[in-house]
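Beneath this line is the structure, given in C-alpha cells, with notes to follow.
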DNA sequence: CAGGATTAGATACTCTCTGTCTCTTATTGA
DNA sequence: TCAATAAGAGACAGAGAGTATCTAATCCTG
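Written as C-alpha cells, this is what we have:
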C-alpha cells in the first residue's frame, strides 16, 4: 500500500522554496508557470545544469530542482535525458548559419567559420557530446548539414573572385574542415588550438581547392600581403 | 545486522551451474580458476558481453555471470566498467601495425589499411566507442599513434618508388585518412562504405601527397584533369 | 464570473546498476 | 601438512531513471 502525499495541508506557504533554484522571487511562492514560459525555463535550467556538471552527471532531478519544479514536468515534455539535453542545446546554440562571414578572402572566411564552430563546440563539453551520441546512436542530421552549406556559400563567393575553381570542390571537401575540427574535439576532449585550425586550412583545405595558402606555408599566419 | 550467506552448507553440489555461462564442463562444478587463465576468461567474457549488448547495456554483473564468476573478482582487477571494457578491447584487438600492406602501389596500400581499420572499428560498436570516450574523457594515445606510423611507412615506400614527394607529407596529412574514417564512424554510427573510402583516398589523400589517383575515375571521380 | 479542464509541482515508489564488503572454501606453495 | 591467498557467492547501501498518484493553481469557455 502506498503512502500518499498530504491530503489537505497546503504545502507550507512560508519558506518552502526549492533549495538553490534561481530565486523564486522572495519569501513567498512563485506563481505557477505554464506554456512557453515554463518550457523556456526548463530548457535554460537544463543547459545550465549541463554546463555546470556535464552530461555524465546530469540528472533529471538536478534539472528539475534548478528549474524549481519536479521530474514529472520534464518527463511530460521529453522522453529521456538525451532528448532533453539535445533540446537544451538546440534552444540555446546560435547556428553557424546565422552569420556567414564575407571578408573578401577565402582563408579569412574559412578561419572565421572554424573559430565560430570551435566556440560553439566549447559550450558543449566533449563528455556531453559523447554522451549524447552514445544515446542518440547517431548525430542528428540537421546539426551536420549546416556547415557544408555555409562552406559552399563561402566557396561560391571565392570562386566569383577567382580564388578557387569550383569544379575541384566536392561536398566531401567542403565538409572537410568542419569534420576535422569535430574529430579532433571528440578525440582529444579539449578545445583545439589556433595552430590546429591553421594546419587544417593551410596544409589541407586550401591546397585541395586550388588556392595556395597566401604567402608562405609557415602555417599559423602569413606575412604582409599585396 | 547483516544476513550472511550459508554458513556450512556446501553450495549445492549438483546443478548449481551459472545460468548461461560458457558451460562449466558438465554436471558438477568447474575447478576454480586463477591467474592468467582466469584473467583471460574474464576479458574474453567482457568482450563477448560487449559485442552482445553494447557498452551502454554492459553490466559488471552480466560479465561476471558470463564468466561464471562474481563482480568482486572483476573489481579486484579493474576499477570500473570503462577500464574493463578498454582492457577487453586491447586484449582482443589485432593491431593495424601487425601487418603493414606492401602491394607496390600507394593507393592499394592505403585502401588496405583503411579496410583493416574499418574492420577493427566494426568489432566495436559506436555505442561502445562513445561510451568509452565519454568515461575516459580522451582517447588513449597509444590507440591513436599506431595509424600515423603505419601510414608513414607506406608513404616512405611510395616515395622510394617515386610515387610521392615526401616533402609534401606532414603528420597531419598522414593521419588524415584514418581521422576521416574514424570521424565518419563516430558521427554516423555505422560502418562506412567502400565509396566513402575511395572518396577519402581519391579526392583528398592522393591529391594532397601529389600522387594522381590511378586510372579509373569511376569511383566518385573528379573533374577532368591534366 | 462560475465551473470545468488542464497540468504544475510535490512526493512516493519500483527497478536497475554501481561499487563495497563479508564470508566460506578451493588451491597454491613453502 | 598447513598457512596464505584469492575465487566465488551473495548481501548491502546509494544513486538515478522512469512511472504513478495526488492536490491545487491557472486557464478557458460559456
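Chains as they are written, first to last, in the numbering used here: chain A, 1 to 226; chain B, 1001 to 1226. Ideal Cβ placement from N, Cα and C applies to all residues, glycine included. Treat the numbers as computed from the prediction; the structure is a model and nothing was measured.
Under 7 Å Cβ-Cβ, which residues of chain A neighbour residue i?
i                       : result
residue 1134 of chain B : 56, 127, 130, 131 and 134
Can you tell me whether residue i is buried or exposed? The criterion is at least 16 other CB atoms within 10 Å of its CB, across all chains shown.
i                       : result
residue 1009 of chain B : Low local confidence applies: a pLDDT of 37 at residue 1009 of chain B is under 50, so the model's placement there is unreliable, with the coordinate-based value given in what follows. Exposed is the call here.
residue 37 of chain A   : exposed
residue 1119 of chain B : exposed
residue 69 of chain A   : buried
residue 187 of chain A  : buried
residue 97 of chain A   : exposed
residue 40 of chain A   : exposed
residue 1162 of chain B : exposed
residue 1131 of chain B : buried
residue 49 of chain A   : buried
residue 1058 of chain B : buried
Given this structure, state the Cα-to-Cα distance separating residue i from residue j, to the nearest angstrom.
i                       : j                       : result
residue 199 of chain A  : residue 1172 of chain B : 8 Å
residue 138 of chain A  : residue 192 of chain A  : 23 Å
residue 201 of chain A  : residue 42 of chain A   : 39 Å
residue 263 of chain A  : residue 135 of chain A  : Any question about residue 263 of chain A goes unanswered here, given that chain A covers just 1 to 226.
residue 89 of chain A   : residue 47 of chain A   : 7 Å
residue 111 of chain A  : residue 1033 of chain B : 59 Å
residue 169 of chain A  : residue 209 of chain A  : 6 Å
residue 115 of chain A  : residue 30 of chain A   : 41 Å
residue 1083 of chain B : residue 129 of chain A  : 20 Å
residue 185 of chain A  : residue 1066 of chain B : 36 Å
residue 92 of chain A   : residue 107 of chain A  : 28 Å
residue 1142 of chain B : residue 148 of chain A  : 32 Å
residue 1183 of chain B : residue 1126 of chain B : 11 Å
residue 53 of chain A   : residue 1075 of chain B : 26 Å
residue 1195 of chain B : residue 1181 of chain B : 12 Å
residue 1077 of chain B : residue 99 of chain A   : 52 Å
residue 207 of chain A  : residue 165 of chain A  : 11 Å
residue 204 of chain A  : residue 1155 of chain B : 17 Å
residue 1081 of chain B : residue 1060 of chain B : 7 Å
residue 1160 of chain B : residue 178 of chain A  : 34 Å
residue 22 of chain A   : residue 133 of chain A  : Low local confidence applies: a pLDDT of 43 at residue 22 of chain A is under 50, so the model's placement there is unreliable, with the coordinate-based value given in what follows. Spanning the two alpha carbons is a distance of roughly 30 Å.
residue 1105 of chain B : residue 1153 of chain B : 13 Å
residue 102 of chain A  : residue 109 of chain A  : 6 Å
residue 151 of chain A  : residue 1071 of chain B : 51 Å
residue 1051 of chain B : residue 94 of chain A   : 38 Å
residue 1174 of chain B : residue 1167 of chain B : 12 Å
residue 123 of chain A  : residue 1158 of chain B : 43 Å
residue 1189 of chain B : residue 1055 of chain B : 14 Å
residue 45 of chain A   : residue 63 of chain A   : 6 Å
For residue i, return the contacting residues in chain B, with the cut-off set at a CB-CB distance below 8 Å.
i                      : result
residue 137 of chain A : 1126, 1127 and 1189
residue 144 of chain A : 1187
Please compile the residues from chain A whose C-beta is within a distance smaller than 9 Å of the C-beta of residue i.
i                       : result
residue 1208 of chain B : 203, 204, 207 and 208
Could you run through the segment 1173–1206 of chain B and flag, in chain order, every residue whose CB is less than 9 Å away from some CB of chain A? Contact annotation: in the segment 1173–1206 of chain B, residues whose CB is within less than 9 Å of a CB in chain A are 1173, 1176, 1179, 1180, 1182, 1183, 1184, 1186, 1187, 1188, 1189, 1190, 1196, 1199, 1200, 1203 and 1204.
Residues of the segment 111–124 of chain A in Cβ contact with chain B at a cutoff of 8 Å, in chain order, please. For the segment 111–124 of chain A, which is checked against every Cβ of chain B, not one residue is closer than 8 Å.
Residues of the segment 36–68 of chain A in Cβ contact with chain B at a cutoff of 8 Å, in chain order, please. Listed by position along the chain: 55 and 56.
Quick one: which unbroken alpha helix (DSSP H) runs of 4-plus residues sit fully inside the segment 1067–1093 of chain B? Chain order, please. With a minimum length of 4 residues, the continuous alpha helix (DSSP H) runs that stay inside the segment 1067–1093 of chain B are 1071–1075 and 1081–1092.
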